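Position one of the sequence shown corresponds to residue 1 (the UniProt record's numbering), numbered consecutively onward. Positions of the beta carbon are idealized from the N, C-alpha and C atoms, including for glycine. Quick caveat: nothing in here was measured; it's all calculated off a predicted structure. Below: one structure, written as structure tokens.
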Amino acid sequence: MVLQATVSGFLEKTEHIFKNGLISFCAVSVLLVLAAVILGRIIRKLFHRYGEKKQSDFGFAASFCNAVLYALAGFGILEQIVPLQNIAVSLLASSGVAALIVGLAAQESMANLISGFLIVLYRPIAVGNLIRIGGITGTVEEITLRHTVIRTFENSRMVIPNSVVNSSTLENISMKDAHVCNFLDIGIGYGADAALAMRLMEEEIVQHRYYLDVRSAEEIAAGAPAVVFRCLDLGDFAVKLRAIVWSPDMATGAEMLSDLRLSIKKRFDEAGIEIPYPYQNLVIRKNDLDA
């Protein structure tokens, strides 16, 4: 009886503090928190599945939605406490003013947040894309609320604010077609046989494992060359030839060009084709020796 009286007295004393009593407050608070947690997990899973389908990352959008859910749950809990009801109502009523103040105080952060949503909405880039922006080339690893993480070929991570990504002109190498057109430039001497040099280059190119033949069936039937050559320049000491070579992607293209330079040099050496370089001849006159 004493315990029952104590509990009843405590509940009566707290009756004016909580809107519908302490028990109701505890029950509503637990339900609000559970609802926020469950809905948050559902939203995160939905964004994750949609991101896999669209080959994009919506993690930051899920985090934003979760933050809104927890904020609403917090307002709901505050509204159950009578002394804090006015505070909760005031917070909700002044949300527009608060948003303005926060926006003015953190313009850069808001710009990054909005830019992040625009990146996901219009999808100029997605996680896994190979991009080039501001002199940086690498693979998009993550798109967060504030920034985008790019992994370079040196395996370093470049963190770029979303506002910069959204406002910059970038090249998405992986968009739709990842095939890359590579330029292989080699100079030969003026006394060398250019036709022989191009034939040797083509033989080495077409047998490389990363060479990609982009000719259509009609072009092959019409006898279009497997490798297109261009004469770039008649330089001071070399005839500059360019071979246009396709590869599956940028990484394999870089490896292919490195292999081809070595194999073509070897073939040129065997064929006696000079790859010239600037040098000077020193001429000594007899008069200079007599002096």
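Checklist line | For S163, the nearest candidate out of I143, E154, F153 and C231 (CA to CA) | finding: I143
Notebook entry, point to check: Pick from T169, H208 and P278: whose alpha carbon is nearest that of L262?
Noted result: From the listed residues T169, H208 and P278, the smallest Cα separation to L262 is found for H208.
Next item on the list: Determine, using beta carbons only, whether F153 and R242 come nearer to each other than 8 Å.
Entry: no
Checklist line | Runs of alpha helix (DSSP H) wholly within the UniProt domain "Mechanosensitive ion channel MscS" (109–174) (minimum 4 residues, chain order) | finding: Qualifying alpha helix (DSSP H) stretches, in chain order: 162–167.
Notebook entry, point to check: Of the choices I136, R146, D259 and G128, whose alpha-carbon is the least far from that of L113?
Noted result: R146
Next item on the list: Would you kindly work out how many angstroms separate the C-alpha atoms of N129 and I38, rounded to a whole number?
Entry: Going by the C-alpha atoms only, they are around 32 Å apart.
Notebook entry, point to check: Span of the alpha helix (DSSP H) holding I244?
Noted result: Run containing I244: none in the alpha helix (DSSP H); it sits in the beta strand (DSSP E), V239 to S247.
Note to self: Taking its Cβ as the centre, do 16 or more other Cβ atoms sit within 10 Å of F237, making it buried, or is it exposed?
What the structure shows: By the 10 Å Cβ count, F237 comes out exposed.
Checklist line | Among I275, K240, V68 and G138, nearest to S174 - alpha-carbon criterion | finding: G138
Next item on the list: List the whole-angstrom C-beta distance separating I273 from V245, where the pair is believed to meet the contact cut-off of C-beta under 8 Å.
Entry: Incorrect: roughly 19 Å between the Cβ atoms, too far for contact.
Check: Which first and last residues belong to the alpha helix (DSSP H) in which S196 is found?
Finding: For the sequence presented, residue 196 should be read as Leu rather than Ser. A194 to V206 is the extent of the alpha helix (DSSP H) around L196.
Margin query: Measuring only the C-alpha atoms, how far is V7 from S115?
Written below: Residue confidence for V7 is low, a pLDDT of 48 falling below 50, so the modelled location carries little weight and cannot support an answer.
Check: Helix, strand or coil: how does DSSP classify G187 here?
Finding: strand
Next item on the list: Taking S247 as the reference, give the member of R132, N172, V214 and I275 with the closest Cα.
Entry: Of R132, N172, V214 and I275, the residue nearest in Cα terms is V214.
Notebook entry, point to check: Are A194 and V239 close, meaning C-beta to C-beta below 8 Å?
Noted result: Result yes, Cβ atoms of A194 and V239 sit closer than 8 Å.
Notebook entry, point to check: Buried or exposed: which applies to I148, given that a residue is buried once 16 or more other Cβ atoms fall within 10 Å of its Cβ?
Noted result: The amino acid occupying residue 148 in the given sequence is Thr; Ile does not appear at that position. That one is buried.
Item checked: Check whether S167 and G134 have beta carbons under 8 Å apart -> no
Next item on the list: State the Cα-Cα distance for the pair K176 and V227, rounded to the nearest angstrom.
Entry: 24 Å
Check: Anyone know if the C-beta pair for R170 and R132 falls short of 8 Å?
Finding: The sequence shown places Leu at residue 170, not Arg. The answer is yes: Cβ separation under 8 Å.
Notebook entry, point to check: Given that a residue counts as buried once 16 or more other Cβ atoms are within 10 Å of its Cβ, and exposed if not, what is V30?
Noted result: exposed
Next item on the list: Indicate whether V180 and D249 have their beta-carbon atoms separated by less than 8 Å.
Entry: yes
Note to self: Please report the straight-line C-alpha distance between E270 and A197, rounded to a whole angstrom.
What the structure shows: 11 Å
Check: For C231, which option in G187, R157 and F117 has the closest C-alpha, if you only look at C-alpha atoms?
Finding: G187
Check: Hey, how far is the Cα of Y277 from the Cα of G189?
Finding: 9 Å
Notebook entry, point to check: When the Cα of I275 is compared with those of A217, G235 and C65, which residue comes out closest?
Noted result: G235
Note to self: Give me, in chain order, the residues of the same chain whose beta-carbon lies closer than 7 Å to that of L32; leave out the 5 immediate sequence neighbours on both sides.
What the structure shows: A73, G76 and I77
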